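Right, one structure below, let's go through it.
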Amino acid sequence: MNIPNLLTIGRILLIPLLVIFLLDGKELAAFWVFVLAGVTDALDGFLARVLKQKTEFGAFIDPIADKLLLITSYITLAVLGVLPKWLTVIVVSRDVLICGGIGILMLYERDFKIKPSLVSKVTTFLQLLTVVYYLGHEYLQGVFPVGSYLIYATAGFTILSGTHYIIRGLRILGDPEAAAPLQAKEQQE
């Protein structure tokens with residue numbers, strides 16, 4: 051187990067603490083836990099590249115940690131009435147569609163690489179920014195009164211990104227050649 055992977059596991063372990071703080075009404079503490087989780091996300095990727103410690107486990111667990119953090123944050127903030135429920139449904143639905151799509155591609159033995167697109171990166175950034183903004187709303191709304199714009203931008207990019215992934219997945223699913231490398235490897239065994 052290397053340092054980047056330990057940081058990723060640490061991020062997963064921060065999620066229950068974030069929820070406890072939110073449920074106890076300790077938004078400032080939740081804000082700092084979320085910021086710390088974000089720092090570990092940036093740091094684990096940076097260290098994996100710099101220290102040349104990229105692993106299959108890290109490539110697998112890092113996006114799961116990100117999704118768990120975001121989904122948990124959105125659901126908790128929606129239940130508490132901080133974020134609109136419709137936004138949470140959009141954010142969670144996109145991630146469920148992506149995970150379901152990956153499962154279908156694996157079921158049909160399609161060879162694919164999970165690489166986030168530019169739209170996906172912007173979406174993730176906006177989703178994170180929305181959580182940070184609303185966790186620190188007491189301090190940030192007076193300085194940056196952009197709440198509703200941020201919500202609509204996040205919703206729009208989330209829908210755009212989800213649509214983009216659906217189109218990519220359908221192209222891979224519809225292209226029998228995409229499965230050829232995987233099938234050739236299985237026949238050799």
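Residues 51 to 239 in the working numbering are what the sequence shown lists, from first letter to last. Cβ atoms here follow ideal geometry from the backbone N, Cα and C, with glycine treated the same way. Since the model is a prediction, treat every value here as computed from it, not as a measurement.
Between the C-alpha atoms of I62 and L118, what's the straight-line distance to the nearest angstrom? The count along the sequence shown starts at 1 and reaches residue 62 at position 12. The count along the sequence shown starts at 1 and reaches residue 118 at position 68. Roughly 7 Å between the two C-alpha positions.
For S211 and T138, the rounded distance between their alpha carbons: Here residue 138 refers to the residue found at position 88 of the sequence shown. Here residue 211 refers to the residue found at position 161 of the sequence shown. Using only the alpha carbons, I get a separation of about 15 Å.
By Cβ distance below 6 Å, which residues in the same chain neighbour I53 in space, the five residues on each side in sequence not counted? Here the question's residue 53 lines up with position 3 in the sequence shown. These residues qualify, in order along the chain: L97.
In this structure, does DSSP put P195 in helix, strand or coil? For this step, residue 195 is matched to residue 145 along the sequence shown. It is coil, neither helix nor strand.
Go ahead and label Q191 buried or exposed: buried means 16 or more other beta carbons lie within 10 angstroms of its beta carbon, across all protein chains shown. By 1-based counting over the sequence shown, the position of residue 191 is 141. Looking at its Cβ environment, which holds fewer than 16 other Cβ atoms inside 10 Å, Q191 is exposed.
Inter-residue CB distance, V141 and L127 (contact presumed, cutoff 8 Å): If you number the sequence shown from 1, residue 141 lands on position 91. If you number the sequence shown from 1, residue 127 lands on position 77. That belief does not hold up - the Cβ atoms of V141 and L127 are roughly 10 Å apart, past 8 Å.
Under a three-way DSSP split, which group does F162 fall into? As a working mapping, residue 162 is identified with position 112 in the sequence shown. Of the three classes helix, strand and coil, the one that applies to F162 here is coil, per DSSP.
Return the CA-CA distance between D74 and G206, expressed in angstroms with no decimal places. Looking up residue 74 in the sequence shown gives position 24. Looking up residue 206 in the sequence shown gives position 156. Spanning the alpha carbons of D74 and G206 requires a straight line of approximately 31 Å.
On the three-state DSSP scale, how would you describe V89? What you label residue 89 is simply residue 39 of the sequence shown in a count that begins at 1. In the structure shown, V89 sits in a helix (DSSP, three-state: H, G or I).
For L130, which three-state DSSP category applies? As a first step, residue 130 must be located in the sequence shown, where it is residue number 80. Coil.
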